[in-house]
Amino acid sequence: MKLMSLEEVYFKFEKFLYKLIQSWKRKFEEEDLFQVAFLGMTKAFTAYNADKNILFMTYLAAVVNNELRIFNRKEEKHLDVDSLDKPILNQKQDNENLSLIDFISDKTNYEDKSIFNITCKEVAAIIENLNERDKKIIKEFYFNNKTQKQIGEEIGLKQSYISRILKKIPNTIKNKYEGENKMFTKEPKITKAQLMEEAKILGTGREAIVAISKKYGLTERTIDTYLGKYGIRDKLNNAKPAATKDNTNKEINESKKEIPSNNKILQPLVLRGKVMEYRVQENSFSIKNLTGTTNLVLNANEIDDFIKELKALKEVM
Numbered sequence: 001m002k003l004m005s006l007e008e009v010y011f012k013f014e015k016f017l018y019k020l021i022q023s024w025k026r027k028f029e030e031e032d033l034f035q036v037a038f039l040g041m042t043k044a045f046t047a048y049n050a051d052k053n054i055l056f057m058t059y060l061a062a063v064v065n066n067e068l069r070i071f072n073r074k075e076e077k078h079l080d081v082d083s084l085d086k087p088i089l090n091q092k093q094d095n096e097n098l099s100l101i102d103f104i105s106d107k108t109n110y111e112d113k114s115i116f117n118i119t120c121k122e123v124a125a126i127i128e129n130l131n132e133r134d135k136k137i138i139k140e141f142y143f144n145n146k147t148q149k150q151i152g153e154e155i156g157l158k159q160s161y162i163s164r165i166l167k168k169i170p171n172t173i174k175n176k177y178e179g180e181n182k183m184f185t186k187e188p189k190i191t192k193a194q195l196m197e198e199a200k201i202l203g204t205g206r207e208a209i210v211a212i213s214k215k216y217g218l219t220e221r222t223i224d225t226y227l228g229k230y231g232i233r234d235k236l237n238n239a240k241p242a243a244t245k246d247n248t249n250k251e252i253n254e255s256k257k258e259i260p261s262n263n264k265i266l267q268p269l270v271l272r273g274k275v276m277e278y279r280v281q282e283n284s285f286s287i288k289n290l291t292g293t294t295n296l297v298l299n300a301n302e303i304d305d306f307i308k309e310l311k312a313l314k315e316v317m
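Okay, so the sequence shown: first residue is 1 according to UniProt numbering, each after it adds one.
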């Protein structure tokens, strides 16, 4: 399971929030709708119970859509979006569907259990690997706000059959997610010694994780977890000799002698700080965190604006 902050959840699901407000844009301003959606995301993050058989993405959609409905009731006398009452998960008998509001009405206190255990990227990857029929149904229902009847008419199936598929899909996604993200099994496909050797050769950055995961048939998330759990990343970082002014200048001078004067073939300069790694080239530089999971490329003429934006961000945090 992965603990995430509210800020991390926001960056993961920002685009998903915009998708949820699309059907309301004909009535209200996008900025107002997004504020409501953000409020719903905050409530979902606080109340989510990872022990229940509900994906966070499903729960998030339920909470946000309910907040949008409340907002609509306050602003309009009549509620004309009946699709928000559509069933999304069956936890009782086959003929007793739970609607979106049922998720919100649960009075159990989940504040001590707010473990966020799924990421948007992983869910999207799992959905893409579903069969074409199920993939279309889940996208039309959850992302395009179409009713079961509309989907059934489009693909030539009865509404009752669409309902059964929608009840099955969340568990299918959850099972695949949990199966792909078990940190350890009785017989891991890669041992600590093997991973250490691979990391010594390839490093522990993003490209190394991708290469190792492909070689051993594991997910990138699993390799990244092993690197942290085994303490390999820390061991390799601590084993690096501290850079001094003398040996740094020596390395730079030697590299200048070896590289021709044509600037186009100069290798980028890599600088590592406490939080980020900076790869400097002739007219641009890239930034990524030390785990290698985030990468940002900026041109030289964008640096000043970027610094201003960071300062502004610090003021509002």
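Heads up, the beta-carbon is just placed ideally off N, CA and C, and yes, glycines get one too.
Linking A199 to E302 through their CA atoms gives a straight-line distance of about 34 Å. Where M196 is concerned, the enclosing alpha helix (DSSP H) starts and stops at 192 to 202. Put simply, the segment 37 to 55 touches the segment 65 to 76. At least three CB pairs are less than 8 Å apart. Spanning the alpha carbons of A61 and E197 requires a straight line of approximately 43 Å.
Of the residues assessed, I155 falls on the exposed side of the cut-off, its CB having fewer than 16 other CB atoms within 10 angstroms. D304 is classed as exposed because its beta carbon has fewer than 16 other beta carbons within 10 Å across all chains shown. Annotated three-state conformation of R279 is strand, per DSSP.
Between K235 and S286, the alpha-carbon positions lie close to 25 Å from each other. For G273, the number of other beta carbons within 10 angstroms of its own is below 16, and it is reported as exposed. For D224, the number of other beta carbons within 10 angstroms of its own is at least 16, and it is reported as buried. Three or more Cβ pairs drawn from the segment 122 to 141 and the segment 163 to 170 lie within less than 8 Å of each other, which places the two stretches in contact. Assignment of R272 by DSSP, reduced to helix, strand and coil, places it in the strand class. Just measuring C-alpha positions, the residue of S23, L195, I162 sitting nearest S213 is L195. For N65, the secondary structure class from DSSP, reduced to helix, strand or coil, is helix. Taking 8 Å as the cut-off, the beta carbon of K19 is found no closer than this to the beta carbon of F141. At the C-beta level, G217 and K189 come within 8 Å of one another. Rounded to whole angstroms, the separation of the alpha carbons of K158 and K52 is 29 Å. In this structure, the straight-line span from the alpha carbon of T46 to that of K15 is close to 20 Å. Beyond the five residues adjoining it in sequence on each side, L33 comes within less than 8 Å, by CB distance, of I21, W24, K25, L68, F71 in the same chain, given in chain order. For the segment 201 to 231, the continuous alpha helix (DSSP H) assignments of 4+ residues that do not extend past its boundaries occur at 206 to 216, 220 to 229, in sequence order. Excluding its 5 nearest sequence neighbours in each direction, E128 has C-beta neighbours in its own chain below 8 Å: K135, listed in chain order. C-alpha of E153 to C-alpha of Y59: approximately 27 Å in a straight line.
By the CB criterion at 8 Å, R233 and T191 fall outside the cutoff. Taking a 10 Å sphere around the C-beta of I201, we find fewer than 16 other C-beta atoms and assign the residue as exposed. In the DSSP secondary-structure assignment, L296 is bridged to I287.
Its Cα nearest to that of E220, the residue E207 stands out among Y230, E207, R133. In its chain, beyond the 5 residues on either side, G152 have a beta carbon closer than 8 Å to the beta carbon of Y161.
In the same chain as Y10, and ignoring 5 residues on each side of it, the C-beta atoms closer than 8 Å to its own belong to F38, M41, in chain order.
The shortest C-alpha to C-alpha distance from L55 to any of R279, N238, N171 is the one to N171.
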